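Below is one structure, written out as structure tokens; comments come after it.
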Amino acid sequence: MKCREFEAMVVDLARERGLDEAARSRAIAHAETCLKCAHRLELERELTEALHTLAASEASPHAPPEEEAALLAAFDRRQEAKAAHNHAAARWTWAFASIAAAAIVGVTAIWFLRAPQLAPTKVVAVHVPEPVVASVPAPASRVMPPSRQLRAAAHRAQPRQRKNAPETRHKPAGKFYPLLPMPSNEGLKGAPIVRVEMPAIVLASYGWRLSPEQVTSRVRADIVLDADTGMARAIRFVNDWR
Amino acid sequence: MSAEHSQDDSLLQRIACGDRDAFAELYRRRRAGVYRFALQMSGSEALAEDVVQEVFLALLDHGRRYDPARGHVASFLLGIARNHVLRALARRRWSVEAAEEPAVQEDLESDLATAEIVAAVRAAVLALPVRFREVVVLCDLEEMDYAEAAETLRCPVGTVRSRLHWARRTLAERLQSSHRGSLGIKAARCSL
Chain A
386 MKCREFEAMV VDLARERGLD EAARSRAIAH AETCLKCAHR LELERELTEA LHTLAASEAS
446 PHAPPEEEAA LLAAFDRRQE AKAAHNHAAA RWTWAFASIA AAAIVGVTAI WFLRAPQLAP
506 TKVVAVHVPE PVVASVPAPA SRVMPPSRQL RAAAHRAQPR QRKNAPETRH KPAGKFYPLL
566 PMPSNEGLKG APIVRVEMPA IVLASYGWRL SPEQVTSRVR ADIVLDADTG MARAIRFVND
626 WR
Chain B
405 MSAEHSQDDS LLQRIACGDR DAFAELYRRR RAGVYRFALQ MSGSEALAED VVQEVFLALL
465 DHGRRYDPAR GHVASFLLGI ARNHVLRALA RRRWSVEAAE EPAVQEDLES DLATAEIVAA
525 VRAAVLALPV RFREVVVLCD LEEMDYAEAA ETLRCPVGTV RSRLHWARRT LAERLQSSHR
585 GSLGIKAARC SL
């Protein structure tokens, strides 16, 4: 061991802390052969003893009795202040919660009062006339005819009527369009026809292409129901629908 | 974690929940160490008592800042005490030169040598620069290990070791110079 290495360990050696047994043995062995390091170690040991003496003289300082009482009084004051603060905070929390709940109820009520765009389908009438179903398949484009075309078709199909005559307002506008593939008209004789008013979007499920304006509109139509299954087989648009 | 440190942690948690008895118990357990640290750093009993008050009041107000991952409760309290002592010393309200004389022991004859040693060493410690003084106080007077001292001082262990090495060498030289060859401890004992 060199003196420099011994110097780095001398404090731990004198304090008898922080050194493993092997390092301690090497340091002691060096001090036994080096007078300078031996003297250095002696000084550090004396200093350690002196510091222990100083520490022992101040080991048990007596606390003034009023010191603990003053600190406990401060503790009590802080607990009281904390309780008062928590009480006030709880009151404000309840107030804000009530205001927030009232706001939520109000917003929800306003939202419900503003009726949704799509009302459910409603049945307007049921009758069982002899259906007239187109014998040709539905148009390839399956594009819903615009209302004015329906009106024109209805106008051609029906006898000329006076404008705004009540009996013309809800007359069917033309032929039936198949909603499902129909190999023949068998089974449709006497089939029930239901006049409905429904969201136009329903037709999209049958493959009908709708314009953006038509998507949100409502349709008044006659639906032919299969006598056996009750499924919708054909549709005929009624004029004057919106 | 030792049983002592885990008990301190438990007391601190109970204090946070408003347990008055836990606060009193922690005060009684740690008051002496805080007082000794402040006294050994400043040499003033009045300042040491002030620091004790400030430390435990700070514990009431900022006890939630204690982080067990960063050290023990004792290190936390000494860290607070250190801040107060350093501020007081910086304000120079408690001058080290105005250090009070230690209390006179009852048995003067047998303790005269001890009193001389104590006075000499205390004066030498108080003459050290603050950052070297505090490592001597924590490691040699409070007998903390390097890791605990590093936690209290918020510095690396290597810094604590190097500062302690320098501080002790300086103390040895000062005490040796006043007693011509030795630290005077053996000479004082031989005079009895």
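Going down the list, the sequences are from chains A and B.
Note that the first sequence covers residues 386 to 627 in the working numbering.
Note that the second sequence covers residues 405 to 596 in the working numbering.
Backbone N, C-alpha and C define an ideal beta-carbon position, used for all residues, glycine too.
Quick caveat: nothing in here was measured; it's all calculated off a predicted structure.
Query, Result
"Just reading off the alpha helix (DSSP H) that B:L461 is part of, what are its end residues?", "449 to 466"
"Report, in whole angstroms, the separation of the C-beta atoms of B:L575 and A:L456, which I expect to be a contact under 8 Å.", "The pair is not a contact, with the Cβ atoms about 35 Å apart (cut-off 8 Å)."
"When DSSP labels each residue in this structure, what does A:S589 get in the three-state scheme?", "In the sequence as displayed, the identity of residue 589 of chain A is Ala instead of Ser. Three-state result, A:A589: helix."
"If you measure between the beta carbons of B:A485 and B:V529, is that distance less than 8 Å?", "no"
"Can you tell which of A:D607, A:I608, A:A585 has its C-alpha closest to the C-alpha of A:P597?", "A:A585"
"DSSP state of A:A619, grouped into three classes?", "strand"
"Under 8 Å between C-beta atoms, does A:P449 make it to chain B?", "yes"
"Which of the three DSSP states, helix, strand or coil, is assigned to B:P560?", "coil"
"Check whether the Cβ of B:N487 lies closer than 7 Å to any heavy atom of the ligand GTP, and answer yes or no.", "Of ligands this structure carries none, so the ligand GTP is not represented either."
"I want to know whether the region 481 to 495 of chain B touches the region 448 to 466 of chain B - three or more CB-CB distances under 8 Å.", "yes"
"Along the region 472 to 502 of chain A, what residues have a CB closer than 9 Å to any CB found in chain B?", "none"
"Would B:L568 and B:T556 be called neighbours here (beta carbons separated by less than 8 Å)?", "no"
"When DSSP labels each residue in this structure, what does A:D461 get in the three-state scheme?", "helix"
"In terms of DSSP beta bridges, what is A:A606 paired with?", "A:V581, A:F622"
"Ordered along the chain, which non-local residues of its own chain (more than five positions away) have a Cβ less than 6 Å from that of A:P524?", "Annotation note: pLDDT 44 at A:P524 (below 50); position unreliable, coordinate value reported separately. If we look at A:P524 and ignore the five residues flanking it on each side, it has no Cβ neighbours."
"Which term fits B:D544, buried or exposed, when burial requires 16 or more other beta carbons within 10 angstroms of its beta carbon?", "buried"
"Within its chain, find whatever has a CB closer than 8 Å to the CB of A:V600; leave out the 5 residues flanking it on each side and keep chain order.", "A585, I586, A589"
"For A:R409, would you say it is in contact with chain B, using Cβ-to-Cβ distances shorter than 8 Å as the test?", "no"
"Buried or exposed for A:M616, going by 16 or more other Cβ atoms inside 10 Å?", "exposed"
"Taking A:S602 as the reference, which of A:A612, A:A473, A:E582 has the closest Cα?", "A:E582"
"With distances taken from CA atoms, which of A:R463, A:A414, A:V492 is nearest B:H466?", "A:R463"
"Closest to A:L420 by C-alpha separation, out of A:A466, A:A576, A:C388, would be which residue?", "A:C388"
"Check this for me: beta carbons of B:L579 and B:A524, under 8 Å apart or not?", "yes"
"Taking only three categories from DSSP, how would you classify A:P563?", "strand"
"Which residues of chain A have a Cβ atom closer than 9 Å to the Cβ of B:A428, listed in chain order?", "E453, L456, L457, F460"
"Could you check if B:I419 is buried or exposed, using at least 16 other CB atoms within 10 Å of its CB as the buried criterion?", "buried"
"Output yes if chain B places a C-beta closer than 8 Å to the C-beta of A:L404; else output no.", "no"
"Could you tell me which chain A residues have their CB closer than 8 Å to the CB of B:Y431, listed as they occur along the chain?", "E453, L456"
"Specify, as a first and last residue, the run of the alpha helix (DSSP H) that A:R597 falls within.", "It is Pro, not Arg, that sits at residue 597 of chain A in the sequence shown. It spans 597 to 600 - the alpha helix (DSSP H) in which A:P597 sits, taken as one unbroken run."
"How big is the Cα-Cα spacing for B:Q411 and B:R434?", "12 Å"
"Within the continuous alpha helix (DSSP H) that includes A:C422, where are the two ends?", "420 to 442"
"Between B:E453 and chain A, is the shortest Cβ-Cβ distance under 8 Å, so that the two count as touching?", "yes"
"Quick one: grab the DSSP three-state call for A:R402.", "coil"
"Compile a chain-ordered list of the residues in the region 563 to 574 of chain B whose CB is closer than 7 Å to at least one CB of chain A.", "L568, H569, R572"
"Any beta carbon from chain B within less than 8 Å of A:A440's own beta carbon?", "yes"
"Which residues of chain A have a Cβ atom closer than 7 Å to the Cβ of B:A442, listed in chain order?", "Under the 7 Å cutoff, chain A gives no residues; its nearest Cβ is about 10 Å from B:A442."
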